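Q: Residue numbers (our numbering): 13 to 265.
For each residue, glycine too, the CB sits at the ideal point set by N, CA and C.
Quick caveat, the model's predicted, so the values are computed rather than measured.
(1) Report the three-state DSSP secondary structure of residue 251 (helix, strand or coil).
(2) Thinking just about the alpha-carbon of each residue, which of 263, 248, 170, 185 is nearest to the one in residue 101?
(3) For the region 251-260 against the region 84-103, do three or more pairs of beta-carbon atoms, one drawn from each stretch, fall closer than 8 Å, so that the two count as touching?
(4) Should residue 245 go down as buried or exposed, given a rule of 16 or more other Cβ atoms within 10 Å for buried?
(5) Of all the beta strand (DSSP E) runs that stay within the bounds of the region 135-208, which reach a length of 3 or more residues?
(6) Whole angstroms are fine: how far does the CA of residue 193 sit from the CA of residue 258?
(7) Closer than 8 Å is the cut-off here; do at least three beta carbon pairs connect the region 69-86 with the region 112-130?
(8) Quick one: what's got a C-beta closer than 7 Å to residue 235's C-beta in the same chain, skipping five residues either side?
(9) Is it the case that the CB of residue 188 approaches a heavy atom of the ligand ATP more closely than 8 Å?
(10) Taking the straight line between their C-alpha atoms, what separation do you get for residue 207 and residue 231?
(11) So, using beta-carbon positions, are residue 224 and residue 212 closer together than 9 Å?
(12) In chain order, what residues of the same chain lie with their CB nearer than 6 Å to the CB of residue 150, ignoring the 5 residues before and after it?
(13) Quick one: residues in its chain with C-beta nearer than 7 Å to the C-beta of residue 250, no 5 flanking neighbours on either side, listed in chain order?
(14) Starting from residue 232, follow the beta strand (DSSP E) in both directions and report where the run begins and ends.
(15) Residue 214 and residue 135 - do their beta-carbons sit closer together than 9 Å?
(16) Rounded to whole angstroms, what is the Cα-Cα separation between residue 48 and residue 189?
(17) What is the rounded straight-line gap between the Cα of residue 68 and the Cα of residue 123?
(18) I'd like to know whether the C-beta atoms of residue 138 and residue 191 end up nearer to each other than 9 Å.
(19) Check the DSSP bridge columns for residue 76 and list the partner residues they point to.
(20) Just to check my reading of the structure: residue 233 and residue 173 have Cβ atoms closer than 8 Å, yes? What is that Cβ distance to the nearest angstrom?
(21) Residues in the same chain with beta-carbon distance under 6 Å from residue 164, minus the five sequence neighbours each way, listed in chain order, please.
(22) Measuring only the C-alpha atoms, how far is residue 243 from residue 63?
(23) Here's a check: name, in chain order, each residue in its chain whose Cβ is nearer than 8 Å to the Cβ of residue 159, leaving out the five neighbours to either side.
(24) List the DSSP bridge partners of residue 57.
(25) Beta-carbon within less than 8 Å of residue 210's beta-carbon, same chain only, minus the 5 sequence neighbours each way: which residues are those?
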């Protein structure tokens, strides 16, 4: 069933609101199971917010802080609101790890288990002055297991947006497209979740065009993955980065 993308087939001028989505030609699941599109005007669609400034429930974050904030039309891709994530050198939470500004959900529609099939639609605006990516990792979307590195992630590398995930070291890495500085970019990722490398798969679209053909790989390392979105990067990264994200929607068959 082709349910298109957020705002598919609708367009208005530069005043924000709906847009003629370049996801609209991609066939996705017929059942919406999770929505993290910021249209509540705050961070309440997500369960946990993590940055140098907060590590806890998103309900108390409101419209944000210096690391994550809600932006309003016209600085959005769809609807009336988007979220801007900001990380600068040293933005490491008190629990350690890398520099981060992320949201997380373990809601039933955001959790996945062995054999689940999902489509993920979301949009990213890369800043015009975004510095070159340095360091071992720069993750903007991840499916995390109970511990260790994520078995599946959308990872920025030197100039490209890739399907990776160090939690599965033998998995092939695939490039969705370039980092398009100064542009809104629409993505769709289709995933079959499995610990079996022959049963799991990924495929992806950038701006309505399929750029990653179906590729078999393990997409889990244990029985469950939860969802995270934002910025999580290596402490060896450099420069301040602002990424604006909008319209995340998860569908199932």
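A: Reading from the atomic positions:
(1) coil
(2) 248
(3) yes
(4) buried
(5) 150-156, 164-168, 172-176, 186-190, 196-204
(6) 16 Å
(7) yes
(8) 125, 126
(9) You won't find the ligand ATP in this model; it holds no ligand whatsoever.
(10) Cα to Cα, residue 207 sits roughly 6 Å from residue 231.
(11) Not a contact, by the Cβ cut-off of 9 Å.
(12) 168, 245
(13) 101, 143, 146
(14) Counting along the chain, residue 232 falls outside any beta strand (DSSP E), and DSSP gives it neither H nor E.
(15) Cβ atoms of residue 135 and residue 214: not closer than 9 Å.
(16) In a straight line, the C-alpha of residue 48 is about 23 Å away from that of residue 189.
(17) 18 Å
(18) yes
(19) In DSSP, residue 76 forms a bridge with 81.
(20) In fact, because the Cβ distance is near 23 Å, the residues do not count as touching under 8 Å.
(21) 155, 177, 231
(22) Rounded to the nearest whole angstrom, the C-alpha separation of residue 243 and residue 63 is 9 Å.
(23) none
(24) According to DSSP, residue 57 bridges with nothing at all.
(25) If we look at residue 210 and ignore the five residues flanking it on each side, its Cβ neighbours are 228.
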